[in-house]
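Presented below is the structure to which this report refers.
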Amino acid sequence: MQTKIIATIGPASLDFEVFQKMVDNGIDFIRINSAYGDSSQYDKILDNLKKAKKEKEIKVIFDIKTLKTLDYFLKNSLEIIALSFTESKEQIQEVLKIAPNAKIIAKIESKSGIEKFDEILDSGWGVMVARGDLGEAVPLEQIPCLQKSLTLKTINKKKFLIVATEMLLSMVENPEPTRAEVSDVANAIYDRASAVMLSEETTIGKYPVEAVDYMRKIIFHTESCIF
Numbered sequence: 001m002q003t004k005i006i007a008t009i010g011p012a013s014l015d016f017e018v019f020q021k022m023v024d025n026g027i028d029f030i031r032i033n034s035a036y037g038d039s040s041q042y043d044k045i046l047d048n049l050k051k052a053k054k055e056k057e058i059k060v061i062f063d064i065k066t067l068k069t070l071d072y073f074l075k076n077s078l079e080i081i082a083l084s085f086t087e088s089k090e091q092i093q094e095v096l097k098i099a100p101n102a103k104i105i106a107k108i109e110s111k112s113g114i115e116k117f118d119e120i121l122d123s124g125w126g127v128m129v130a131r132g133d134l135g136e137a138v139p140l141e142q143i144p145c146l147q148k149s150l151t152l153k154t155i156n157k158k159k160f161l162i163v164a165t166e167m168l169l170s171m172v173e174n175p176e177p178t179r180a181e182v183s184d185v186a187n188a189i190y191d192r193a194s195a196v197m198l199s200e201e202t203t204i205g206k207y208p209v210e211a212v213d214y215m216r217k218i219i220f221h222t223e224s225c226i227f
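Here UniProt numbering is used: the first residue of the sequence shown is 1, the next is one more, and so on.
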């Protein structure tokens, strides 16, 4: 499959057996959100990743809000940083001063991030359209247009593009997604997103394994139907 699956790891997916099933169902990246948990939890996640039987390399995205958490990133020789509330190229440059080899994914979550998007895009490795906080910054009805615009600009620059937040949110409580959620994921795939991301679905949800499985099935059938 061309479109990749990112699964955020949290309490619902810390158990090794659960994690292994998620790996079996096709995750390509795991995301560690440093806004939650602590170093012992991150250690367990990385340990699970090392122990898991996998047919392909699964990379780690380390999500940071402050530069303080870069110590853990560097200590564990991680590669990819998701930088929360990126609002200027200078923020990316500050991270690169400390971690010069890091691949920076700029999370677009504010009006400033939208206004400075072109310079941010040129400065980083990729972009995450983080629709949750972005939906707090702009009227909800503007989100689809912004998603399309940011996606197109990023793909045209041949940079990594993640669409995130509430993609299969109903699966926090239910074993199947809604029709609207399936269409939402498919829409991101048709727009040529590099990856789609699971957040609450795999951190606190009741069905993390099933959420990954549904994401894989949606990607497979949508890519088979691209016209």
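Just so you know, even glycine gets a beta-carbon here, dropped at the ideal spot from N, CA and C.
inquiry  = Thr202 and Pro11 - do their beta-carbons sit closer together than 8 angstroms?
reply    = Cβ atoms of Pro11 and Thr202: not closer than 8 angstroms.
task = Mind listing, in chain order, the continuous beta strand (DSSP E) runs of no fewer than 3 residues lying wholly within the UniProt domain "Pyruvate kinase barrel" (68 to 212)?
result = Look at the UniProt domain "Pyruvate kinase barrel" (68 to 212) and you find these whole runs of beta strand (DSSP E), each 3 residues long or longer: 80 to 83, 103 to 108, 126 to 130, 160 to 164, 195 to 198.
request  = Indicate whether the contact test is met: 3 or more Cβ pairs, each with one atom in the stretch 93 to 110 and one in the stretch 169 to 178, closer than 8 angstroms.
outcome  = Taking 8 angstroms as the limit for Cβ pairs, the verdict is that the stretch 169 to 178 does not touch the stretch 93 to 110.
task = Can you give me the start and stop residues for the alpha helix (DSSP H) that Ile64 sits inside?
result = Element bounds for Ile64: not the alpha helix (DSSP H) but the beta strand (DSSP E), 59 to 64.
message = Please state the DSSP three-state secondary structure of Thr222.
response = Three-state result, Thr222: helix.
Coarse secondary structure for Ala7, derived from DSSP in three states = It is a strand residue.
ask   = Just the Cα atoms here: how many angstroms apart are Phe85 and Gln20?
value = In this structure, the straight-line span from the alpha carbon of Phe85 to that of Gln20 is close to 31 angstroms.
request  = Please list, in chain order, all residues of the same chain as Ala102 whose beta carbon is under 6 angstroms from its beta carbon, the five residues on each side excluded.
outcome  = Correct list, in chain order: Ile81.
message = Is the beta carbon of Ser34 closer than 8 angstroms to that of Ile64?
response = The answer is yes: Cβ separation under 8 angstroms.
ask   = Helix, strand or coil for Asn48 per DSSP?
value = Note: Asn48 maps to helix in three-state DSSP.
Residues near residue 236 in its chain [Cβ-Cβ closer than 7 angstroms; skip 5 each side] = In the structure as shown, the chain begins at 1 and stops at 227. Residue 236 is therefore absent and cannot be evaluated.
task = Run the CB neighbour count on Gly132, radius 10 Å, all protein chains shown included, and call it buried at 16 or more, exposed below.
result = When all chains shown are included, Gly132 counts as exposed.
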